[in-house]
Each structure stands twice: as structure tokens, then as C-alpha cells.
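In the working numbering, the protein residues as written are 691 to 1068.
Backbone N, C-alpha and C define an ideal beta-carbon position, used for all residues, glycine too.
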């Protein structure tokens, strides 16, 4: 979880931090050294939380790497892929301060068991870095999905303008939250309490409100695939499969909802010990799960290559309309009593498209063009 510093630190810790800053000359920068994290105690719960950080980050990295490999192999890297790369880099960057935050904040400890050597300054510093990195990841992932959907249904004006509007709002929200996090108070005031805040917001209300708005945009992004796929000319099984793949994104929205509940309990529920739980891992789970789900549809060509029978776009029954095999020529399936002179089997396909499909959409849909397929067996 990424709370505002005002709600992370107890009153006692604030006083100690201010005294410490004054004793060191009131510097607005970080102290040169902290206690090495290797010397800090740990608990099984904290180790589980740290394992979640690196497991989810690794899975997101591998998934996005597989996506980029698939696109590069087809020489079809698009803007949606670059956005996923940027989100993955932010995600990797988020894992580092998240680890140090968990260690210095004694996540996984009951608050009553936190040692007297607890130092608030590194907690606030790494918390600030987490705030800066967290929100852009979700915005970049959603923007990538919207550009992907634009490829599929962008030929319809209503869908195209809806995607443009939602993406504009998404990017605007990202910039707004990012700037508010940085400029709500002087930067050094996040970790140095000797600095008097000049511009300050209601931290808990700000984070809960922005999280709710983000969830609303999640639902809107999830609705667009229905709108796109309903109008596409494709097999029903493929259409249902694609919708299911995009609906998996609802898992990310579910995690986001649990995160909002955790934020509310942390800030407003008296007696709730958020430190002694895995609630703080919800942020890292949410952003990495979003990256993984975002890469799913684009990995279809790779899965088709590895499991050709499972992900084949053709029907397994190609022997004819009435499942009756032909007994003549090279097109015969065998078992006939007479073999006539060979006459070639003709398969003619004429396809007219407004623009050609991208690698990840190959064999799963027809765009706004006309598709005519004629099969002649002689």
C-alpha cells in the first residue's frame, strides 16, 4: 500500500524525526547512512510479503518479454508494445523501494513488537518513491490495451472516438496524480520533518478518491472489448475466447477494489494494525497483474506456435459440409475402390481488407473488409 506520510508515522515518530533532523543541522537531504537491511529482524509474514514483491515482478517481466519477443519475431512492434515496456520498467523500479519500505517499516510485525531503533526517515523516503512510480504503471497498461483495441475496432467511428476520449482521460489522470504527489508539499518534507509543508492535501482522501476513479476507468476499459468483438466477423468460439481473455482483466479490478478497502481500514478504522498483514502487497500485485493480463491477447501467436492444435484457428473437421470424405483423385482421403487421373485440388481464397491484421490478431478475426472463401474439391 502507498499511504501518505502523514498517516504512516505515529506522533511519537514525528517528534523523534524532528529532533533527529535538528540535531543533524536541519538538513533537508537524506542522512548518509541507515542501518543495513541485512541487520534488521524479520518474520515469516514479512518474508512472504517480500517474496510476493519479487515473484509478481518476475512474472510481469517474463510475460512482457515474451510479448516483445513475439512482436519482434513478426517485425510488428507497435505503440502498445512500447507502452508495455515502459510499464514493465516502472514495475521493476517499484520493486526496489517496495522492498526497502517493507524492511524499514517492519511490515509483517505487530506494531507493538517494532523495536525502539525504528527509524522513520528511510520509511518516508522509500514511500515517496513508491508513490511516484505506482500510478504511471496502471495508466500505461490501460493505454496499451486501448491502443490494441483501436487496432481491432478502430474502423468504426463510434468505437474509435470512444477509445480516444477514454485514453485522453486516462493520460490526463496519470499526469494529474503524478504532479500532485510531487508538488503537494516540498519534496524533502516527505522524509524530513524539520521542513515545514507549504502545499498540502488530505492524503487519505486523495489516495482513496484517485483509486476509485482508477477503478471506474478499469470498468470502462473492460466494456470496450464487448463493443469491439460483437461487430467482428469471426467464429463464435474465437469471439468468446477473446472476450474471456479480456475479462480476465476483471481480476485486476477486483484487486484494486480490495486495495481501496484496505486503504479505508488503514486510515479510518481505529485499532486496525495494517503493518501485521499482507495488505501492503496489494499495490505490487495490482500493477504487475495488470501487466501480465495486458500481454495475454498479444501472446496468441506464440501459444499457437507452441501448441498448434490447441490454438489453431481452423476447424479440425475439413472433410466437407456433411463430413463425407471424397474418394477421387489426390483429394481423396483413402479407402476408395477406383483412382482416377489426378486433378488438382483447388482452394481459392479472396480477401479484401481495409488494412492488414497485426501479428497477434492473425487468424482470429476479419476487420472491416470482405472475406470470401471458396473451396472446390475435384
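I need the DSSP call for residue i, collapsed to helix, strand or coil.
{"i": "residue 923", "result": "strand"}
{"i": "residue 961", "result": "coil"}
{"i": "residue 795", "result": "coil"}
{"i": "residue 747", "result": "helix"}
{"i": "residue 765", "result": "coil"}
{"i": "residue 789", "result": "helix"}
{"i": "residue 935", "result": "helix"}
{"i": "residue 891", "result": "coil"}
{"i": "residue 994", "result": "helix"}
{"i": "residue 731", "result": "coil"}
{"i": "residue 817", "result": "helix"}
{"i": "residue 915", "result": "helix"}
{"i": "residue 884", "result": "coil"}
{"i": "residue 875", "result": "coil"}
{"i": "residue 968", "result": "coil"}
{"i": "residue 846", "result": "coil"}
{"i": "residue 906", "result": "helix"}
{"i": "residue 1034", "result": "Its pLDDT being 48, under 50, residue 1034 is placed unreliably by the model, and the measurement read from it follows with that caveat. DSSP places residue 1034 in coil when its eight states are reduced to three."}
{"i": "residue 826", "result": "helix"}
{"i": "residue 854", "result": "helix"}
{"i": "residue 807", "result": "coil"}
{"i": "residue 802", "result": "helix"}
{"i": "residue 840", "result": "helix"}
{"i": "residue 724", "result": "coil"}
{"i": "residue 783", "result": "helix"}
{"i": "residue 940", "result": "helix"}
{"i": "residue 986", "result": "coil"}
Work out the CA separation of residue j and residue i for me, nearest whole Å.
{"i": "residue 1064", "j": "residue 753", "result": "The pLDDT assigned to residue 1064 is 42, lower than 50, so where the model puts this residue is not dependable; a value taken from the coordinates is nonetheless given after this. Cα-Cα distance, rounded: 39 Å."}
{"i": "residue 864", "j": "residue 733", "result": "36 Å"}
{"i": "residue 822", "j": "residue 725", "result": "24 Å"}
{"i": "residue 948", "j": "residue 816", "result": "23 Å"}
{"i": "residue 727", "j": "residue 981", "result": "29 Å"}
{"i": "residue 852", "j": "residue 933", "result": "18 Å"}
{"i": "residue 743", "j": "residue 833", "result": "24 Å"}
{"i": "residue 965", "j": "residue 745", "result": "21 Å"}
{"i": "residue 875", "j": "residue 923", "result": "54 Å"}
{"i": "residue 1013", "j": "residue 990", "result": "Only weak support is given to the placement of residue 1013: the predicted model assigns it a pLDDT of 47, under 50, and the value that follows is read from those uncertain coordinates. Residue 1013 and residue 990: Cα-Cα distance of roughly 29 Å."}
{"i": "residue 889", "j": "residue 916", "result": "43 Å"}
{"i": "residue 1048", "j": "residue 869", "result": "Unreliable positioning characterises residue 1048 in this predicted model, as indicated by a pLDDT of 48, which lies under 50. A coordinate reading is not provided."}
{"i": "residue 767", "j": "residue 806", "result": "53 Å"}
{"i": "residue 854", "j": "residue 879", "result": "38 Å"}
{"i": "residue 925", "j": "residue 995", "result": "20 Å"}
{"i": "residue 912", "j": "residue 899", "result": "20 Å"}
With 16 as the cutoff for other CB atoms within 10 Å, does residue i come out buried or exposed?
{"i": "residue 881", "result": "buried"}
{"i": "residue 892", "result": "exposed"}
{"i": "residue 1041", "result": "Note that residue 1041 scores a pLDDT of 42, beneath 50, so its modelled location is shaky; the value from the coordinates is reported in the next line. By the neighbour-count rule (16 or more Cβ atoms within 10 Å), residue 1041 is not buried but exposed."}
{"i": "residue 824", "result": "buried"}
{"i": "residue 777", "result": "buried"}
{"i": "residue 770", "result": "buried"}
{"i": "residue 802", "result": "exposed"}
{"i": "residue 765", "result": "exposed"}
{"i": "residue 927", "result": "exposed"}
{"i": "residue 793", "result": "buried"}
{"i": "residue 736", "result": "buried"}
{"i": "residue 979", "result": "buried"}
{"i": "residue 838", "result": "buried"}
{"i": "residue 975", "result": "buried"}
{"i": "residue 963", "result": "exposed"}
{"i": "residue 762", "result": "exposed"}
{"i": "residue 937", "result": "exposed"}
{"i": "residue 755", "result": "exposed"}
Between the beta-carbon of residue i and the beta-carbon of residue j, is there less than 9 Å?
{"i": "residue 998", "j": "residue 958", "result": "no"}
{"i": "residue 750", "j": "residue 977", "result": "yes"}
{"i": "residue 740", "j": "residue 796", "result": "no"}
{"i": "residue 907", "j": "residue 840", "result": "no"}
{"i": "residue 748", "j": "residue 968", "result": "no"}
{"i": "residue 843", "j": "residue 919", "result": "yes"}
{"i": "residue 846", "j": "residue 988", "result": "no"}
{"i": "residue 813", "j": "residue 791", "result": "yes"}
{"i": "residue 950", "j": "residue 902", "result": "yes"}
{"i": "residue 941", "j": "residue 972", "result": "no"}
{"i": "residue 780", "j": "residue 826", "result": "yes"}
{"i": "residue 914", "j": "residue 849", "result": "yes"}
{"i": "residue 774", "j": "residue 828", "result": "no"}
Counting contacts by CB-CB distance shorter than 9 Å, is residue i in contact with chain D?
{"i": "residue 967", "result": "No chain D is part of this structure, which consists of one protein chain only."}
Should residue i be counted as a contact of the ligand HEM given a C-beta to heavy atom distance under 8 Å?
{"i": "residue 875", "result": "Ligands displayed in this structure: none; no statement on the ligand HEM is therefore possible."}
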